[in-house]
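Peer 1:
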Amino acid sequence: MPYIDRFAADAERAFAFMPAAQGAQNWPMGAASLSALVGVEDLPLGDASVDRVLIIHALEFAESPEAMLSEVWRVLAPGGRIVIVAPHRRGVWARFEHTPFGSGRPWSRGQLTRLLRGAMFTPSAWAEALLFPPFRRRSLLGFAAPLERLGRDLWPLFAGVVVIEATKQLYRGVPVTSTARERRRVVKPVLVPAGAGAGAGARREA
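Counting from 1 along the sequence shown, just add 810 to a position and that's the residue number in this note's numbering.
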């Protein structure tokens, strides 16, 4: 919600969806709620109904990231953009449980690129953040800003999170029948006289 607070004023509509496994929080405070508890693979939105999607604290917990991004592709309008904020695999923040990014699956740039391209998105911009250590003491937070600037020059590979923006591609391949479904044996019904028992049907098939 802190992210949406910055951009909601410039949007026609803004709402927050929260994965069912994590629970939901009312937003905005003191007004009609614009948040909802959803399944990340079944969003309650129409096809091509939104222009921007921000994913944070969600991709690292998704059981199927591919299915999640496929659903995002569905609800995005043509040319719509997605912004993902994910814990960085090389970062320090993903290694400590007391941080907001200390749970779930961390990602590298290469992994996110392949994931997005596989879901028919074109990556267009990258950024890193949280280049200062995850301090436990509030008194040390005063050093966060200078360390963040220093980290961009000296250790950008160890950023706590990676941010990627991608654009929806307009054309997707037609889904094919899954291998498991193709191999499924189609059993034709066999007429068995009443009272013959289950074994009669088996002998008839043989």
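Even glycine gets a Cβ: it sits at the ideal position worked out from N, Cα and C.
These numbers were taken from a predicted model, which means no experiment stands behind them.
Cβ atoms of M878 and V850: under 8 Å apart, would you say?
Peer 2: Position 40 of the sequence shown, counting from 1, holds the residue named residue 850. Position 68 of the sequence shown, counting from 1, holds the residue named residue 878. The beta carbons of V850 and M878 sit closer together than 8 Å.
Peer 1: Please return the same chain residues whose Cβ sits closer than 6 Å to the Cβ of L922, not counting the five positions on each side in sequence.
Peer 2: The residue you call residue 922 lines up with position 112 of the sequence shown. Here the set comprises I974.
Peer 1: Mark H908 as exposed unless 16 or more other C-beta atoms lie within 10 angstroms of its C-beta, in which case mark it buried.
Peer 2: By one-based count along the sequence shown, residue 908 stands at place 98. Exposed, because fewer than 16 other Cβ atoms sit within 10 Å of the Cβ of H908.
Peer 1: Within its chain, find whatever has a CB closer than 6 Å to the CB of I866; leave out the 5 residues flanking it on each side and keep chain order.
Peer 2: Sequence index remark: in the sequence shown, residue 866 carries index 56 (1-based). Excluding sequence neighbours, I866 sits near V895.
Peer 1: If you run the structure through DSSP and keep just helix, strand and coil, what is E870?
Peer 2: Locating residue 870 in the sequence shown gives position 60, where the first residue counts as 1. Assignment of E870 by DSSP, reduced to helix, strand and coil, places it in the helix class.
Peer 1: How many angstroms separate the CA atom of P888 from the CA atom of M930?
Peer 2: Sequence index remark: in the sequence shown, residue 888 carries index 78 (1-based). Sequence index remark: in the sequence shown, residue 930 carries index 120 (1-based). Roughly 12 Å between the two C-alpha positions.
Peer 1: In whole angstroms, what is the alpha-carbon distance linking D963 and G970?
Peer 2: Here residue 963 refers to the residue found at position 153 of the sequence shown. Here residue 970 refers to the residue found at position 160 of the sequence shown. Those two C-alpha atoms are separated by around 15 Å.
Peer 1: Taking the alpha helix (DSSP H) that T932 belongs to, which residues open and close that run?
Peer 2: Looking up residue 932 in the sequence shown gives position 122. Looking at the DSSP string, T932 is not in any alpha helix (DSSP H); the run it does join, the beta strand (DSSP E), is 931-939.
Peer 1: Do you know offhand how far L957's Cα is from L941's?
Peer 2: Residue numbering aside, residue 957 sits at position 147 when the sequence shown is read from its first letter. Residue numbering aside, residue 941 sits at position 131 when the sequence shown is read from its first letter. Near 7 Å, if we compare the C-alpha coordinates of L941 and L957.
Peer 1: Go ahead and pull the three-state DSSP assignment for M811.
Peer 2: As a working note, residue 811 is residue 1 in the sequence shown. For M811, the three-state secondary structure derived from DSSP is coil.
Peer 1: Between S913 and the rest of its own chain, which residues show a CB-CB distance below 8 Å, the 5 nearest in sequence each way excluded?
Peer 2: Along the sequence shown, read from residue 1 onward, the residue named residue 913 stands at position 103. Counting only Cβ-Cβ distances below 8 Å, and skipping sequence neighbours, we find E870, F871, E907.
Peer 1: Is it buried or exposed for E938, if we count other Cβ within 10 angstroms and need 16 for buried?
Peer 2: Residue mapping note: residue 938 aligns to position 128 of the sequence shown, counting from 1. By the 10 Å Cβ count, E938 comes out buried.
Peer 1: Short check: CB of V885 to CB of L853, under 8 Å?
Peer 2: Within the sequence shown, numbered from 1, the residue matching residue 885 stands at position 75. Within the sequence shown, numbered from 1, the residue matching residue 853 stands at position 43. Contact: yes.
Peer 1: Between V848 and I892, which are expected to be in contact by the criterion C-beta below 8 Å, what is the C-beta distance as a whole number of angstroms?
Peer 2: Taking the first residue of the sequence shown as 1, we reach residue 848 at position 38. Taking the first residue of the sequence shown as 1, we reach residue 892 at position 82. Between I892 and V848 the Cβ distance is about 16 Å, and since that is not below 8 Å, they are no contact.
Peer 1: Threshold first: 3 residues or longer. Then list the beta strand (DSSP E) segments lying entirely within the segment 890-974, N to C.
Peer 2: 931-939
Peer 1: Could you tell me which of G961, W936, P916 sits nearest to P943, measuring between CA atoms?
Peer 2: Within the sequence shown, the letter at position 133 stands for residue 943. For P943, the nearest C-alpha among the options comes from G961.
Peer 1: M828 to P966, Cα distance in whole Å?
Peer 2: Locating residue 828 in the sequence shown gives position 18, where the first residue counts as 1. Locating residue 966 in the sequence shown gives position 156, where the first residue counts as 1. Spanning the two alpha carbons is a distance of roughly 30 Å.
Peer 1: Comparing alpha-carbon positions, which option in D820, G901, G952, V882 lies nearest G856?
Peer 2: By one-based count along the sequence shown, residue 856 stands at place 46. Among D820, G901, G952, V882, the Cα nearest to that of G856 belongs to V882.
Peer 1: Does the beta-carbon distance from P916 to A935 come in below 8 Å?
Peer 2: In the sequence shown, counting from the first residue as 1, residue 916 sits at position 106. In the sequence shown, counting from the first residue as 1, residue 935 sits at position 125. For P916 and A935, no; Cβs fall outside 8 Å.
Peer 1: Only counting the same chain, and skipping five residues up and downstream in sequence, which positions put a Cβ closer than 6 Å to that of G901?
Peer 2: Residue 901 sits at position 91 when you count from the first residue of the sequence shown. These residues qualify, in order along the chain: F968, A969, G970.
Peer 1: Quick one: what does DSSP say P829 is sitting in, helix, strand or coil?
Peer 2: For the purposes of this step, residue 829 is taken as the residue at position 19 of the sequence shown. Of the three classes helix, strand and coil, the one that applies to P829 here is strand, per DSSP.
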